[in-house]
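What follows is a short report on a single structure.
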Amino acid sequence: MTCQRCDGLMVREQYDNLEFDSAGYEISGWRCLNCGAIVDPVIATHRQPAHKTEPDQLLKQRLKKLVMVA
Ligand SMILES: [Zn+2]
Numbered sequence: 018m019t020c021q022r023c024d025g026l027m028v029r030e031q032y033d034n035l036e037f038d039s040a041g042y043e044i045s046g047w048r049c050l051n052c053g054a055i056v057d058p059v060i061a062t063h064r065q066p067a068h069k070t071e072p073d074q075l076l077k078q079r080l081k082k083l084v085m086v087a
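Here the numbering used here runs 17 ahead of the position in the sequence shown, where the first position is 1.
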């Protein structure tokens with residue numbers, strides 16, 4: 018898979034999903050090694066304009082940190 022933004026190489030990543038209550042539920046997305054863009058089908062599908070309280074990038078970084086701590 019290649020990045021839609023820069024055509025770079027994208028790698029698969031997994032995150033714990035904090036938007037749902039189900040414990041242990043994980044979502045997977047794609048991150049561009051070149052520009053750092055993240056493509057996440059699940060979050061993209063469930064994204065709601067009224068729910069957007071912080072930039073997606075920050076949310077993704079926080080999710081990754083939590084995964085690493087766990
Ligand atoms: Zn890219």
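Yeah, the Cβ is synthetic: ideal placement off N, Cα and C, and Gly gets one too.
Burial of Asp57 is indicated by the presence of at least 16 other C-beta atoms within 10 angstroms of its C-beta. At a threshold of 7 Å, Arg22 counts as near ligand 1, since its beta carbon sits closer than that to one of the ligand's heavy atoms.
Secondary structure at Leu76: helix, using DSSP grouped into helix, strand and coil.
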